[in-house]
Amino acid sequence: MKKLYEDYIFLVRTALEGSRADDFGGDFEALLGIAREHNMTNILWYALRKNRSVPTHIVTELQSSHNMLLFKCANQKMTRGELEGLLSSAGIKHMFLKGADVAQLYPSEDMREMADIDVYADLDSHENVKEVLLQAGYSFEGHKGHHDVFHRDPFISVEVHESVLDKQRETGLDAYFASPWELAQGSGFEYRFDPSDNYIFLMGHLFGHFHQGGVGVRFFADMALYMKKYGDELDWVKIDSVFERFGLSEVMHNLKALALHWFGDEPESDLLDEMGEYVFESGSYGKTAHMVMYLANEDGKNSFSAAVKRKLFISPAEMRRRSRAVDRCPLLLPFAYLVRAVKIVFTRFREFRAWMRGVKAADSEAVKKYKEMMRRFGVN
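Per this note's numbering, the sequence shown starts with residue -14, numbered consecutively.
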């Protein structure tokens, strides 16, 4: 793995261990760039806050990021408690997902920046959830595939999910979580998974991003810290059995090994170095070029027209899943495609342009190499 990436992992690991890198010297500008891409600038602040070699403009940016994230973290934590009260008072059965508790694993919760607060509730209760959140001052931002999005200033974004894992991530694990209440523990209206099922969920979420464009370093830090805290409580026989059932044993083993190599005691290997390079080149939520490669690998097509079709014209079943209006009235399907095309081309032009650049780069040889790489990683 490149020295720059090794330096970055060293700094993150140092911060996670509650230490500082006061005497560290490296390419601070490039390290800051990686931290921005992976939404981990506050980790650098903790590692470098007493390092006198860091240029002043970088110190200023890191300090500003730290101050903002302290406020954002406190606000999100308070909001989490408020949401629990609101939903329970309204008699809505719910379960918080993903990063809701992950930040508590870090030495300081503000080290882990959260994009939003994710909560699962049965689909037939979503209108009640919407009413409760609107009354609490949230604005409804729309239905985004398999979740409703709400926003309240400052910084608060809430996603109310209708499934625990998105079927579009194609891990197969959405079937395992199809009846989440049967797996959940709790009473009244507040529920959660036990440590083993939560591990399966978190790894399923990580893998979904990993093989569909890529995933950021922080997800591996999450898993290393999770295993450190809950290691004695994890039922590895159950976990391995679930992954084996869905054909994920090899890749999940390798993803776990990478997390423990970076932030634990897993020894180095050529495979883990290659996986690490892929993660660093993906950014926080993946890289458009990697997503194009994934799709080209999935359907075997690699032409301009096929790429446009994949981007604009998702399947009718997927359109119904993303739009409740279309699901209720299928005659609206052509109009929904038109709205999607206009929205992508005119309001998400940068994303669309990056997508088409990825298509141009994804010739048959590149797609073949991508497929071989994924096979080495354990993706079948």
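Even for Gly, the Cβ is constructed at its ideal location relative to N, Cα and C.
For A244, which residues from the same chain have a beta carbon less than 6 Å from its beta carbon, with the 5 sequence-adjacent residues on both sides left out? On the sequence shown, position 259 is the one that residue 244 refers to. Excluding residues within five positions, the ones whose Cβ falls inside 6 Å are F205, M208, A209.
Using a threshold of 7 Å, state whether the C-beta atoms of F248 and R(-2) are closer than that. Position 263 of the sequence shown, counted from the start, is the residue given in the question as residue 248. Position 13 of the sequence shown, counted from the start, is the residue given in the question as residue -2. A contact, by the Cβ cut-off of 7 Å.
Residue interval of the beta strand (DSSP E) (run including V134): Counting from one through the sequence shown, the residue named residue 134 turns up at place 149. Counting along the chain, the beta strand (DSSP E) containing V134 begins and ends at 132 to 137.
Assuming F135 contacts L108 (C-beta within less than 8 Å), just tell me the rounded distance between them. To locate residue 135, count along the sequence shown from 1; it is residue 150. To locate residue 108, count along the sequence shown from 1; it is residue 123. With a Cβ gap of about 16 Å, F135 and L108 do not count as contacting.
Residue range of the unbroken alpha helix (DSSP H) whose run includes G367: Examination of residue 367 is not possible in this model, given that the chain is present from -14 through 365 alone.
Per DSSP, what kind of secondary structure is M99 in: helix, strand or coil? As a position in the sequence shown, residue 99 is number 114, starting the count at 1. The answer is coil: DSSP assigns M99 none of H, G, I, E or B.
Please state if the CB of Y(-7) and the CB of L16 are separated by a distance shorter than 7 Å. Locating residue 16 in the sequence shown gives position 31, where the first residue counts as 1. Locating residue -7 in the sequence shown gives position 8, where the first residue counts as 1. Yes, the Cβ-Cβ distance between L16 and Y(-7) is below 7 Å.
Report, in whole angstroms, the separation of the C-beta atoms of F186 and L233, which I expect to be a contact under 8 Å. Taking the sequence shown and counting its residues from 1, the one referred to as residue 186 is at position 201. Taking the sequence shown and counting its residues from 1, the one referred to as residue 233 is at position 248. Their Cβ separation, rounded to whole angstroms, is 13 Å, which puts F186 and L233 out of contact at 8 Å.
Host alpha helix (DSSP H) of Y176 (start-end): Here the question's residue 176 lines up with position 191 in the sequence shown. That residue, Y176, is in no alpha helix (DSSP H); its beta strand (DSSP E) goes 175 to 177.
So the beta strand (DSSP E) V143 belongs to, where does it begin and stop? Here residue 143 refers to the residue found at position 158 when the sequence shown is read from its first residue. Note, V143: beta strand (DSSP E), 141 to 146.
Would you check if the distance between the CB atom of W30 and the CB atom of L55 is smaller than 7 Å? Within the sequence shown, residue 30 is the residue found at index 45, counting from 1. Within the sequence shown, residue 55 is the residue found at index 70, counting from 1. The answer is no: Cβ separation not under 7 Å.
Rounded distance between the beta-carbons of G201 and S93, thought under 8 Å: In the sequence shown, residue 93 corresponds to position 108, counting from 1. In the sequence shown, residue 201 corresponds to position 216, counting from 1. 19 Å between Cβ atoms; not a contact.
Taking 6 Å as the limit between beta carbons, can you name the residues of its chain near F265, skipping five residues before and five after? Mapped onto the sequence shown, residue 265 falls at position 280. Within the same chain, F265 has close Cβ partners Y(-10).
Tell me the residue span of the beta strand (DSSP E) that contains S124. Sequence index remark: in the sequence shown, residue 124 carries index 139 (1-based). 124 to 128 is the span of the beta strand (DSSP E), which, as asked, contains S124.
At a cut of 8 Å, does the stretch 39 to 53 reach the stretch 67 to 81 through at least three beta carbon pairs? Verdict: no, contact absent.
Counting only beta-carbon atoms, is F195 nearer than 7 Å to chain B? Note that chain B does not occur in the displayed structure, where there is just one protein chain.
How close, in whole Å, do the beta carbons of A354 and H190 come, if the pair is a contact with beta carbons under 8 Å? Position 369 of the sequence shown holds residue 354. Position 205 of the sequence shown holds residue 190. Checking the sequence shown, residue 354 turns out to be Lys, not Ala. Not a contact, Cβ separation roughly 26 Å.
Would you tell me roughly how many angstroms separate the C-alpha atoms of G271 and H246, rounded to the nearest one? Translated into positions along the sequence shown, residue 271 becomes position 286. Translated into positions along the sequence shown, residue 246 becomes position 261. Summary for G271: the model assigns pLDDT 46, below 50, so the residue's position carries little reliability, and this model does not support an answer.
What are the residues that DSSP puts in a beta bridge with Q48? For this step, residue 48 is matched to residue 63 along the sequence shown. DSSP lists no partner for Q48.
Tell me Q170's beta-bridge partners as DSSP assigns them. Position 185 of the sequence shown holds residue 170. Partner(s): R177.
I need the DSSP call for V264, collapsed to helix, strand or coil. On the sequence shown, position 279 is the one that residue 264 refers to. V264 sits in a helix when the DSSP states are folded into three classes.
Determine the direct distance from the alpha carbon of Y161 to that of K223, and round the result to whole angstroms. Position 238 of the sequence shown, counted from the start, is the residue given in the question as residue 223. Position 176 of the sequence shown, counted from the start, is the residue given in the question as residue 161. Counting only the Cα atoms, Y161 lies some 12 Å from K223.
Could you please give me the residues that DSSP links to H79 through a beta bridge? By 1-based counting over the sequence shown, the position of residue 79 is 94. Under DSSP, H79 takes part in a beta bridge, and its partners are E175.
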